[in-house]
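Counting in the UniProt record's numbering, the sequence shown tops out at residue 115, every number present. Just so it is clear, CB atoms sit at the ideal spot from N, CA and C, and this is done for glycine as well. Note that the coordinates shown come from a computational prediction; the quantities given were computed from them, not determined experimentally. One structure is given below, encoded as C-alpha cells.
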Amino acid sequence: FDLFYDPTWCPPERNLLGKFYYEANGQEWTNSTGWVGEYNSHCEWHGVECNDEGQVISLTLGNGGLSGRISDAICNFRSLETVDLRDNDLKGGIPSEIGNLLNLSSLIISFNGIT
C-alpha cells in the first residue's frame, strides 16, 4: 500500500497536454488555470477531464483564446472521448491520426480557421 500513490499523476498525459498548450499558444488563453507551470495533477487543469486512471477523456476549451494549430499530441490520448475547441483562432488541418482515437465520439471545432 502506497500512501503517496496518486493515480491521476500520469506524466505521459501531462507532457502531451504541455505540448498541446504550447502549440496552441497557451500563454494567450483566456483561462489557463493550472496549465503546465504549476505542480498539480493535469486532471485539475482548466478544461481537462480525466478518468480514474488519470487518462484524459475530455478537452473542453471552447472560446478560450486558443490559436496556432491543433497539436498532433491530441492523437495520443487513447481514452479521449470529447474535444471541444469551438470559437477559437486555430488554423491548419486536423491531424490525420485523430481517426485512430477509437473512443472519440465528439469533435467540435467550428468557428476556427481549420481547413
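{"Item": "With H, G and I counted as helix, E and B as strand and the rest as coil, what does DSSP make of L17?", "Value": "helix"}
{"Item": "Excluding sequence positions up to five away, which residues of its chain have a Cβ less than 8 Å from the Cβ of L90?", "Value": "A24, L66, S67, G68, R69, I70, I109, N112, G113, I114"}
{"Item": "Determine the DSSP secondary structure at S79, reduced to helix, strand or coil.", "Value": "coil"}
{"Item": "Just the C-alpha distance for E81 and L102, rounded to the nearest angstrom, thanks.", "Value": "8 Å"}
{"Item": "If contacts are defined as beta-carbon pairs under 8 Å, then E13 and Q55 qualify, I think. What distance do you get, rounded to the angstrom?", "Value": "6 Å"}
{"Item": "Where does G113 fall in DSSP's three states?", "Value": "strand"}
{"Item": "Please report the straight-line C-alpha distance between L61 and N40, rounded to a whole angstrom.", "Value": "19 Å"}
{"Item": "Does DSSP put P12 in a helix, in a strand, or in coil?", "Value": "helix"}
{"Item": "Does the beta carbon of V56 come closer than 7 Å to any beta carbon on chain D?", "Value": "The chain labelled as chain D is not found in the depicted structure, where only one protein chain is given."}
{"Item": "Where does L3 fall in DSSP's three states?", "Value": "Caution is warranted here: a pLDDT of 41 is assigned to L3, below 50, making its placement in the model unreliable, and the coordinate value is therefore given only provisionally. Three-state result, L3: coil."}
{"Item": "Need the endpoints of the beta strand (DSSP E) that S58 sits in, please.", "Value": "56–60"}
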